[in-house]
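Okay, so the sequence shown: first residue is 390 according to this note's numbering, each after it adds one.
Here a beta-carbon is modelled for each residue, glycine too, at the ideal position from N, C-alpha and C.
Note that the coordinates shown come from a computational prediction; the quantities given were computed from them, not determined experimentally.
For reference, the structure is listed below as structure tokens.
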Amino acid sequence: MINDFADRRSQRQLGIYILVFYIFSTIYGYLCLAKEFNEGMSMISLIGIYLTGTYIRRYSLRITSFSAKTNFLVYMLLGIALVICNVLFLEAGISKSLYGYLNPLVLLSSIYLFLFFKKINIGYNRYINYVAASAFAVYLFHMHPMIYGHYQKICTNINQYGEWTFLLLIAFFIGIFVFCTIVDHIRIALFNGLSSLLDKSPWARSNNSYESPAGS
Numbered sequence: 390m391i392n393d394f395a396d397r398r399s400q401r402q403l404g405i406y407i408l409v410f411y412i413f414s415t416i417y418g419y420l421c422l423a424k425e426f427n428e429g430m431s432m433i434s435l436i437g438i439y440l441t442g443t444y445i446r447r448y449s450l451r452i453t454s455f456s457a458k459t460n461f462l463v464y465m466l467l468g469i470a471l472v473i474c475n476v477l478f479l480e481a482g483i484s485k486s487l488y489g490y491l492n493p494l495v496l497l498s499s500i501y502l503f504l505f506f507k508k509i510n511i512g513y514n515r516y517i518n519y520v521a522a523s524a525f526a527v528y529l530f531h532m533h534p535m536i537y538g539h540y541q542k543i544c545t546n547i548n549q550y551g552e553w554t555f556l557l558l559i560a561f562f563i564g565i566f567v568f569c570t571i572v573d574h575i576r577i578a579l580f581n582g583l584s585s586l587l588d589k590s591p592w593a594r595s596n597n598s599y600e601s602p603a604g605s
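Structure below.
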């Protein structure tokens, strides 16, 4: 349905729609903390991201046609700007984090990080694809309501280790990613095995017997 909507719009119409969407998302979702946007972790936010990706993939713009190095530089500069702004906010006694998914700077930096990987042309790599296949599973795992609270509690406890905090957090994040990837690939193997058994079952064979021969 989203693709059908995008296909029926001209470049200008789709661009205006995305611009209006992010103005509304920033004001109502980010600044007004609207529950419907759930800090960027909602269906409406995912639709906005999907349409943005569709626009970037279909149309060539000057701001998205930089080299890989320039894209990475823009990403780093936006990241540094976020850190500086966040420090200034904390110094002023403002505790609101700027790293939310609805922050326009976060979205823009994500786009340039995506464009960086798109431009480096790493080609096919089975190891990268093996891990990438479970990236969404990692997100679903640690964001699950039964798990997320424990995940936050562990991160809070790690923050008490002073100078070791950063290294321990990195190790914890890598551990979560590896564990979730292993679990997801076990799921993939089980699902593939179950699918194979179902294809070989008498019920599947009886259904296939009703199909017309090829070319008839």
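Short Cβ contact (8 Å threshold) for G468 with Y419: G468 places its beta carbon 8 Å or farther from that of Y419.
Inter-residue CB distance, V476 and Y501 (contact presumed, cutoff 8 Å): About 22 Å; that fails the 8 Å criterion.
C-beta contact flag for I509 and A457 at 8 Å: I509 places its beta carbon less than 8 Å from that of A457.
Boundaries (first-last residue) of the alpha helix (DSSP H) holding E480: Judged by DSSP secondary structure, E480 falls within the alpha helix (DSSP H) whose first and last residues are 457 to 480.
Best match in A521, T554, I436, G404 for proximity to T570 [C-alpha to C-alpha]: Of the candidates A521, T554, I436, G404, the one whose C-alpha sits nearest the C-alpha of T570 is A521.
Sequence-distant residues of the same chain with beta carbon closer than 7 Å to S605, five excluded per side: Any reading at S605 must be qualified, since the residue scores a pLDDT of 44, below 50, and its modelled position is unreliable; the value itself is stated next. Contacts found: none.
Three-state secondary structure (DSSP) of N514: Coil at N514, not helix or strand.
Range of the contiguous alpha helix (DSSP H) that encloses H531: Taken as a continuous stretch (DSSP letters only), the alpha helix (DSSP H) holding H531 covers 524 to 531.
Where T545 sits in the DSSP three-state scheme: Reduced to three states, the DSSP call for T545 is helix.
P493 beta carbon less than 8 Å from that of T415: In this structure, T415 places its C-beta atom within 8 Å of the C-beta atom of P493.
Rounded straight-line distance, which links the Cα of T443 to that of Y406: Taking the straight line from one Cα to the other gives about 13 Å.
Rounded separation between Q402 and V495 - CA only: If you take the alpha carbons of Q402 and V495, they lie about 24 Å apart.
Nonlocal neighbours in the same chain, by C-beta distance under 6 Å from L471, ignoring five residues either side: Counting only Cβ-Cβ distances below 6 Å, and skipping sequence neighbours, we find L487, L494.
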